[in-house]
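Chains Z and D, in that order, give the protein sequences. Using full-length UniProt numbering, the first residue of the first sequence is number 1, and each one after it goes up by one. Using full-length UniProt numbering, the first residue of the second sequence is number 1, and each one after it goes up by one. Don't be surprised by glycine CBs; every beta carbon is placed ideally from N, CA and C. Quick notes on the structure that follows.
There are 2 protein chains.
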Amino acid sequence: MSGEFDVIQRYFSQTKGQLSNNPYVKLGVADDCAIFQTTAGKQIATSKDLLIEGRHFFSDVDPYALGHKALAVNLSDLAAMGAKPIACLLGLALPSVDEKWLSAFSSGFYALADKYHCPLIGGDTTRSEHGITLSVTVFGEVQPPYLMRNQAQIGDIVWVSGVLGAAHTALELLFLEKQGVTLSAEQGILLEQTRAALEYPEPRLALGQSLVGIAHAALDISDGFLQDFGHIVKQSQVSAIIEEYRLPVHAALESLSWASKRTAVLTGGDVYELCFTAPAQRSAEVLALSQQLGIPLTAVGHIVAPQASQFEVDVIDADGKSVVFPRGGFDHFATE
Amino acid sequence: MSGEFDVIQRYFSQTKGQLSNNPYVKLGVADDCAIFQTTAGKQIATSKDLLIEGRHFFSDVDPYALGHKALAVNLSDLAAMGAKPIACLLGLALPSVDEKWLSAFSSGFYALADKYHCPLIGGDTTRSEHGITLSVTVFGEVQPPYLMRNQAQIGDIVWVSGVLGAAHTALELLFLEKQGVTLSAEQGILLEQTRAALEYPEPRLALGQSLVGIAHAALDISDGFLQDFGHIVKQSQVSAIIEEYRLPVHAALESLSWASKRTAVLTGGDVYELCFTAPAQRSAEVLALSQQLGIPLTAVGHIVAPQASQFEVDVIDADGKSVVFPRGGFDHFATE
Numbered sequence: 001m002s003g004e005f006d007v008i009q010r011y012f013s014q015t016k017g018q019l020s021n022n023p024y025v026k027l028g029v030a031d032d033c034a035i036f037q038t039t040a041g042k043q044i045a046t047s048k049d050l051l052i053e054g055r056h057f058f059s060d061v062d063p064y065a066l067g068h069k070a071l072a073v074n075l076s077d078l079a080a081m082g083a084k085p086i087a088c089l090l091g092l093a094l095p096s097v098d099e100k101w102l103s104a105f106s107s108g109f110y111a112l113a114d115k116y117h118c119p120l121i122g123g124d125t126t127r128s129e130h131g132i133t134l135s136v137t138v139f140g141e142v143q144p145p146y147l148m149r150n151q152a153q154i155g156d157i158v159w160v161s162g163v164l165g166a167a168h169t170a171l172e173l174l175f176l177e178k179q180g181v182t183l184s185a186e187q188g189i190l191l192e193q194t195r196a197a198l199e200y201p202e203p204r205l206a207l208g209q210s211l212v213g214i215a216h217a218a219l220d221i222s223d224g225f226l227q228d229f230g231h232i233v234k235q236s237q238v239s240a241i242i243e244e245y246r247l248p249v250h251a252a253l254e255s256l257s258w259a260s261k262r263t264a265v266l267t268g269g270d271v272y273e274l275c276f277t278a279p280a281q282r283s284a285e286v287l288a289l290s291q292q293l294g295i296p297l298t299a300v301g302h303i304v305a306p307q308a309s310q311f312e313v314d315v316i317d318a319d320g321k322s323v324v325f326p327r328g329g330f331d332h333f334a335t336e
Numbered sequence: 001m002s003g004e005f006d007v008i009q010r011y012f013s014q015t016k017g018q019l020s021n022n023p024y025v026k027l028g029v030a031d032d033c034a035i036f037q038t039t040a041g042k043q044i045a046t047s048k049d050l051l052i053e054g055r056h057f058f059s060d061v062d063p064y065a066l067g068h069k070a071l072a073v074n075l076s077d078l079a080a081m082g083a084k085p086i087a088c089l090l091g092l093a094l095p096s097v098d099e100k101w102l103s104a105f106s107s108g109f110y111a112l113a114d115k116y117h118c119p120l121i122g123g124d125t126t127r128s129e130h131g132i133t134l135s136v137t138v139f140g141e142v143q144p145p146y147l148m149r150n151q152a153q154i155g156d157i158v159w160v161s162g163v164l165g166a167a168h169t170a171l172e173l174l175f176l177e178k179q180g181v182t183l184s185a186e187q188g189i190l191l192e193q194t195r196a197a198l199e200y201p202e203p204r205l206a207l208g209q210s211l212v213g214i215a216h217a218a219l220d221i222s223d224g225f226l227q228d229f230g231h232i233v234k235q236s237q238v239s240a241i242i243e244e245y246r247l248p249v250h251a252a253l254e255s256l257s258w259a260s261k262r263t264a265v266l267t268g269g270d271v272y273e274l275c276f277t278a279p280a281q282r283s284a285e286v287l288a289l290s291q292q293l294g295i296p297l298t299a300v301g302h303i304v305a306p307q308a309s310q311f312e313v314d315v316i317d318a319d320g321k322s323v324v325f326p327r328g329g330f331d332h333f334a335t336e
């Protein structure tokens with residue numbers, strides 16, 4: 001038997017037992033395709049993200065955390081559509097077969113798959129010539145109305161879930177370490193406090209499902225709040241005012257300068273929180289949802305009419321003055 | 001706007017117009033997820049394959065051909081389950097944005113997607129640190145009985161579609177060229193005659209759908225006939241006798257030694273033909289299907305009872321003698 005199939009069988013076949021009572025999955029790993037079904041009348045939401053070593057994760061990242069994150073970033077896309085997870089596929093290109101790595105990676109992946117009832121039902125494993133590439137595809141169940149990006153309405157309140165800035169801060173500190181800089185004691189503590197946000201993002205699935213029928217527009221802000229919220233504004237053909245002092249900042253960032261906080265919160269990427277817009281008269285329901293789910297939900301601005309067909313986000317400070325930013329968020333093709 | 005979104009919009013948004021009359025696709029590229037539905041009562045077959053530069057394709061491969069092949073190898077998995085294509089996702093990791101390459105690649109991809117009514121509805125584009133990685137996910141519609149691997153029955157005839165050996169031969173000649181060898185005139189002609197099999201495989205979708213209800217077991221033989229047919233035998237817990245002289249050999253290989261032909265036909269990979277087993281009394285229907293679809297379908301052996309719980313493929317020559325092979329097919333983790 002070839003190495004490829006050994007790998008698959010040893011580390012990625014543990015779902016088999018779990019599928020016997022699964023109402024969706026008809027056929028898991030072991031054939032040319034996996035087969036699943038939806039509840040009658042429902043539709044399938046699907047998304048796929050590629051994660052490339054050296055671009056989306058460090059080579060020495062904890063493989064358990066990487067397994068978690070590879071699935072989490074895809075589940076976050078389901079959350080942003082209000083979808084309920086059905087199943088997932090994993091494509092894995094590895095430069096070599098490292099059993100310790102595979103064991104930890106698959107454990108992290110399966111732990112999150114189990115938590116959100118999203119069994120791994122198929123995929124592909126191959127050798128890469130350079131570095132690790134991960135490709136996850138997720139499937140979820142939806143029905144109209146969907147949580148789309150192009151449905152924001154003038155007068156809507158803009159909301160964001162969770163607290164922001166931690167993932168960006170952890171990433172900056174890890175980059176410093178990679179460059180050989182010895183972190184100060186304070187920086188070391190800051191890294192400890194922010195690292196989980198970067199390595200163990202939690203997909204906001206319950207929130208997304210609860211927002212269907214309440215929110216007009218939603219997305220996840222994985223490329224940074226400002227860049228991703230810009231998609232809602234442009235696709236909905238509206239403008240928006242964001243009050244930056246309302247943005248929820250991770251507690252660990254308290255001691256940082258406002259300029260650092262601002263960069264981390266407004267443009268920092270790797271954030272798997274939801275941004276959504278909802279009518280002002282639904283605000284009490286949104287706040288009740290925050291209580292019920294135990295997730296901070298913060299009103300950070302509102303949708304306004306566009307001027308001269310320009311669909312823009314105006315970020316204002318506490319004095320009502322517009323703030324100008326040099327950067328627009330995480331560009332997957334940036335060369336910096 | 002960032003480079004990533006420019007790329008997506010310019011080369012991978014042309015499906016938009018085609019989706020207006022599509023009965024399956026509710027939401028294409030432009031949101032966190034794509035959304036599709038099936039015909040009432042049907043189920044979803046899904047598969048994903050990774051293609052890595054330097055491993056699954058040469059760096060200088062014609063990008064139009066690569067676009068075709070990236071989708072074809074995935075559609076071949078749908079064919080092997082008897083599924084009807086619904087839609088696909090594309091993950092694309094590129095070391096740089098080369099517009100000429102993207103234009104040709106997307107044209108090849110869309111040409112095949114249009115041919116088989118399998119619109120591109122979403123995906124992910126990112127920069128890679130090393131080389132090109134392609135990850136395609138396909139969705140198709142099925143209902144039981146599926147064409148599975150584990151349903152071969154004792155007494156079944158073993159069939160293979162198309163003619164074999166050409167892709168392997170083209171690959172060997174291209175490897176010679178990469179090593180700096182100047183091909184002889186005969187080798188040059190042989191490469192011309194076999195190259196299309198390697199670069200433009202045709203997924204056997206109509207055949208797969210037609211075999212539902214006739215064939216017991218089926219798969220595609222992308223890793224080579226012997227290795228992949230071995231999965232049918234092992235998963236069905238049977239054995240098989242393959243008469244090697246019955247195997248359909250590509251006409252261009254006529255002048256090669258039998259040893260070369262044998263390697264190409266029995267173990268050569270990159271073959272997107274179907275291998276299936278069907279009861280002997282259905283052979284007339286299989287042959288009628290061959291006529292109707294214009295695809296060679298050849299009986300190459302039969303399924304027999306296993307001896308002592310060993311599930312084995314016995315390849316015999318014209319004298320009835322067993323043939324021994326040093327290699328088992330394409331191992332995705334082989335280091336040669």
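Check, Outcome
"Does E99(D) come out as helix, strand or coil in the three-state DSSP assignment?", "helix"
"Quick check on the DSSP output: the alpha helix (DSSP H) that includes Q292(D) runs from which residue to which?", "S283 to L293"
"Can A70(D) and V136(D) be called in contact, C-beta distance under 7 Å?", "yes"
"Is it right to say W159(Z) is buried, meaning 16 or more other beta carbons lie within 10 angstroms of its own, or is it exposed?", "buried"
"So, is D114(Z) buried or exposed, given that buried needs 16 or more other C-beta atoms within 10 angstroms?", "exposed"
"Which residues does DSSP pair with T46(Z) in a beta bridge?", "F139(Z) and A34(D)"
"Should A45(Z) be flagged as near chain D, meaning a C-beta pair shorter than 7 Å?", "yes"
"Please name the residue, chosen from A215(D), I241(D), A166(D) and D60(D), that lies closest to L287(D) on a Cα-to-Cα basis.", "A215(D)"
"Pick helix, strand or coil for S76(Z), following the three-state DSSP scheme.", "helix"
"Quick check: is the beta carbon of K26(D) nearer than 7 Å to any beta carbon in chain Z?", "yes"
"Of all the alpha helix (DSSP H) runs that stay within the bounds of the region 113-193 of chain Z, which reach a length of 4 or more residues?", "166-178"
"Output the boundary residues of the alpha helix (DSSP H) element that contains S210(Z).", "L205 to L211"
"Could you work out which residues of chain Z lie near G294(D), taking near to mean beta carbons separated by less than 8 Å?", "Those do not exist, as G294(D) stays about 23 Å from chain Z at its closest Cβ, beyond 8 Å."
"Taking only beta-carbon positions, decide if G91(D) is within less than 7 Å of chain Z.", "yes"
"Whole angstroms is fine: what's the gap from residue 340(Z)'s alpha carbon to D124(Z)'s?", "Residue 340(Z) cannot be examined here, being either before or after the span of chain Z that is shown, 1 to 336."
"Going straight from the alpha carbon of L293(Z) to that of S236(Z), what length do you get?", "28 Å"
"So, using beta-carbon positions, are P145(Z) and Y116(Z) closer together than 7 Å?", "no"
"Quick one: Cα of A280(D) to Cα of G155(D), how far?", "7 Å"
"When you compare the CB of H130(D) with every CB in chain Z, is at least one pair closer than 7 Å?", "yes"
"What does G123(D) touch in chain Z if you count any residue whose Cβ is under 8 Å from its own?", "K48"
"Sorted by chain position, which residues of the same chain lie with C-beta nearer than 6 Å to V265(D)'s C-beta, five sequence neighbours on each side aside?", "L164, G165, L247 and V249"
"Going by DSSP, what residues sit across from E53(D) in a beta bridge?", "F57(D)"
"Does the pairing of the region 86-93 of chain Z with the region 215-233 of chain Z give three or more beta-carbon distances under 8 Å?", "no"
"What are the residues that DSSP puts in a beta bridge with V276(Z)?", "The amino acid at residue 276(Z) is misidentified as Val; the sequence shows Phe. DSSP, once it has assigned bridges, lists W159(Z) and A218(Z) as partnering F276(Z)."
"Examine the Cβ distances between the region 166-179 of chain Z and the region 191-203 of chain Z and report whether three or more of them are shorter than 8 Å.", "yes"
"Less than 7 Å between the beta carbons of V304(D) and V315(D), yes or no?", "no"
"With DSSP collapsed to three states, give me the class of H332(Z).", "Caution applies to H332(Z), whose pLDDT of 49 falls short of 50 and renders its modelled position unreliable; the value that the coordinates give is listed next. If DSSP states are grouped into helix, strand and coil, H332(Z) belongs with coil."
"Which value, in whole angstroms, describes the spacing of the CA atoms of residue 342(Z) and F105(D)?", "Residue 342(Z) lies beyond the range of chain Z shown here (1 to 336); nothing can be said about it."
"Kindly indicate if chain D contains any beta-carbon less than 7 Å away from that of residue 338(Z).", "An answer regarding residue 338(Z) cannot be provided, because it is not within the stretch 1 to 336 covered by chain Z."
"For the region 66-80 of chain D, which residues have a CB atom closer than 7 Å to at least one CB atom of chain Z, in sequence order?", "D77, L78 and A80"
"Measuring straight from C-alpha to C-alpha, what distance separates E336(D) and L94(Z)?", "In this prediction, E336(D) has a pLDDT of 35, which is less than 50 and means its spatial position is unreliable; what the coordinates show is noted afterwards. Rounded to whole angstroms, E336(D) to L94(Z) spans 16 Å at the Cα level."
"Which residues share a DSSP beta bridge with K234(D)?", "In the DSSP output, where bridge partners are listed per residue, K234(D) has none listed."
"Give me the Cβ distance between E312(D) and S255(D), rounded to the nearest whole Å; I'm assuming they're in contact under 8 Å.", "The Cβ separation is near 33 Å, so there is no contact."
"Can you name the residues of chain D whose CB is closer than 9 Å to the CB of Q235(Z)?", "A30 and D31"
"For a cutoff of 7 Å on Cβ pairs, would you count L120(D) as touching chain Z?", "no"
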